[in-house]
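Asker: Residue numbers (the numbering used here): 154 to 570. C-beta: ideal position from N, C-alpha, C; glycine also. Keep in mind the model is a prediction, meaning the values are calculated, not measured.
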């Protein structure tokens with residue numbers, strides 16, 4: 154029996170506010186079930202998630218970021234036809250294609266390159282805070298949480314700082330297009346932004362052709378690995394798009410989630426402030442406790458059985474990172490936020506298997522710098538009063554805030570400037 158006794162509705166207000174009781178019931182009663190509304194098989198237990206990600210021969214990553222593979226409406230398809238095919242990318246490819254792309258992109262995320270980014274990230278964090286510290290209040294998502302990761306990844310790509318706002322808008326609308334729950338007119342507008350983003354990076358690559366640039370996009374031109382053909386221009390264009398979108402989703406949402414979680418667990422916040430050595434495990438616990446990527450999708454290649462449930466070939470599976478990260482069989486007191494928990498090697502926030510996130514070290518570095526610095530520079534930081542202060546985003550496979558209005562005591566030095 155595949156019917157689910159729990160109402161799984163990730164966009165319902167109560168589940169946007171707190172989805173974890175539903176996830177707990179799913180793990181207990183229907184760890185693998187078919188959600189008819191989204192035509193998805195939801196996989197909620199940690200051990201089953203790990204089976205899926207370790208068996209790419211059965212569970213393909215094709216369309217890994219599309220909530221539904223039903224064709225977009227004709228006006229959307231007509232708009233997308235003015236650009237280039239959206240895949241394969243690092244995220245939604247398999248086999249040799251994925252291995253080739255991963256080897257090339259991994260060159261941008263070497264330990265040395267990430268370590269060399271720390272000073273840049275610290276300067277960016279303070280630059281952003283400087284712009285609003287004397288105001289005493291701000292929407293932290295708009296003013297800080299999304300600009301920071303965009304500034305980090307665009308520095309690697311060699312993208313002008315003034316282009317960050319539109320890249321943010323384009324990448325967010327790409328996510329909306331993948332979820333495909335908006336009205337047709339809005340999806341057409343999202344598709345227009347996706348095509349604009351494609352053209353932007355194609356133009357950027359063409360401008361670098363024949364040059365001697367040292368940024369990642371310059372390095373992609375003609376790049377190849379032993380025994381494989383060099384990247385085509387279309388393949389190279391998809392790489393920065395993929396990096397912008399993936400990096401943006403995780404860090405932006407983890408900053409908002411982390412601030413709210415720490416403020417609701419004052420003893421844990423105090424523990425970190427008293428002992429900064431706990432910052433690394435604090436970051437990992439934020440990622441586990443409030444996973445910014447709730448899950449991604451797989452396509453079943455052949456009829457299979459998972460947790461005793463038959464899943465037919467062609468079915469779509471959602472590997473639910475967030476539910477797995479609250480699995481009581483893996484994490485002791487899984488629903489308790491504990492900054493001393495060392496779960497870096499176990500949690501699923503960055504995925505597992507061959508598709509584990511290459512940008513995880515960069516994301517971790519940003520979070521280690523950003524969250525403590527916000528509390529350090531914004532005394533008595535708290536969520537502003539009013540129901541409209543903290544508004545959850547409605548991308549159901551990414552958990553975070555669309556708006557997070559916060560207030561603090563203006564530091565004396567800032568008040569004088």
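In the DSSP assignment, find the alpha helix (DSSP H) that holds residue 188 and state where it starts and stops.
Answerer: It is not in any alpha helix (DSSP H) - residue 188 instead sits in the beta strand (DSSP E) that spans 185 to 188.
Asker: Going by alpha carbons, who is nearest to residue 540 out of 534, 547, 556 and 526?
Answerer: Residue 556 is the option with its Cα nearest to residue 540.
Asker: How should residue 554 be labelled, buried or exposed, when 16 other C-beta atoms within 10 angstroms of its C-beta is the threshold for buried?
Answerer: Buried is the call here.
Asker: Start and end of the alpha helix (DSSP H) containing residue 327?
Answerer: Its alpha helix (DSSP H) spans residues 317 to 332.
Asker: Report yes if the C-beta distance between residue 240 and residue 391 is below 9 Å; otherwise report no.
Answerer: For residue 240 and residue 391, yes; Cβs fall inside 9 Å.
Asker: When burial is assigned at 16 or more other CB atoms within 10 Å of the CB, is residue 170 buried or exposed?
Answerer: With fewer than 16 other Cβ atoms within 10 Å, it is exposed.
Asker: Is residue 510 helix, strand or coil when you go by DSSP?
Answerer: Three-state DSSP puts residue 510 in coil, outside helix and strand.
Asker: If you drop the 5 nearest sequence neighbours on each side, which residues of the same chain put their C-beta closer than 8 Å to that of residue 271?
Answerer: Closer than 8 Å at the Cβ level, and outside the excluded window around residue 271, lie 518 and 522.
Asker: Residue 225 by DSSP, collapsed to three states: which one?
Answerer: If DSSP states are grouped into helix, strand and coil, residue 225 belongs with coil.
Asker: Among the residues of its own chain, which have a CB less than 8 Å from the CB of residue 295, if the five just before and after it don't count?
Answerer: Counting only Cβ-Cβ distances below 8 Å, and skipping sequence neighbours, we find 556.
Asker: Can you give, in chain order, each stretch of the beta strand (DSSP E) that sits fully within the segment 434 to 480 and has at least 3 residues?
Answerer: You should have 449 to 453, 457 to 459, 462 to 464 and 469 to 472.
Asker: Pair every Cβ in the segment 341 to 349 with every Cβ in the segment 317 to 326, then say whether three or more of these pairs are closer than 8 Å.
Answerer: At 8 Å Cβ cutoff, the stretches touch.
Asker: Measuring alpha carbon to alpha carbon, tell me which of 404, 427, 494 and 389 ends up nearest residue 257.
Answerer: For residue 257, the nearest C-alpha among the options comes from 389.
Asker: Under the three-state reduction of DSSP, which class applies to residue 356: helix, strand or coil?
Answerer: Correct three-state label for residue 356: helix.
Asker: Near residue 211, what residues of its chain come up, given a Cβ to Cβ distance below 7 Å and the 5 sequence neighbours on each side ignored?
Answerer: So the qualifying residues of the chain are 453, 454, 455 and 457.
Asker: Which residue from 332, 422 and 460 puts its Cα closest to that of residue 490?
Answerer: Ranking the options by Cα distance to residue 490, first place goes to 422.
Asker: Alpha carbon to alpha carbon, how far is residue 478 from residue 410?
Answerer: One C-alpha to the other measures close to 15 Å.
Asker: Can you tell me whether residue 545 is helix, strand or coil according to DSSP?
Answerer: In this structure, residue 545 counts as strand in the three-state DSSP scheme.
Asker: Where residue 310 and residue 494 are concerned, what is the direct C-alpha to C-alpha distance, given to the nearest angstrom?
Answerer: Roughly 34 Å between the two C-alpha positions.
Asker: Please identify the residue among 362, 501 and 293 whose C-alpha is closest to the C-alpha of residue 200.
Answerer: That would be 501, whose Cα lies nearest to the Cα of residue 200.
Asker: Could I get the ranges of all uninterrupted alpha helix (DSSP H) runs contained in the segment 368 to 418, with 4 residues as the minimum, in chain order?
Answerer: Here the runs fully enclosed are 369 to 373 and 386 to 417.
Asker: In whole angstroms, what is the alpha-carbon distance linking residue 260 and residue 370?
Answerer: Those two C-alpha atoms are separated by around 12 Å.
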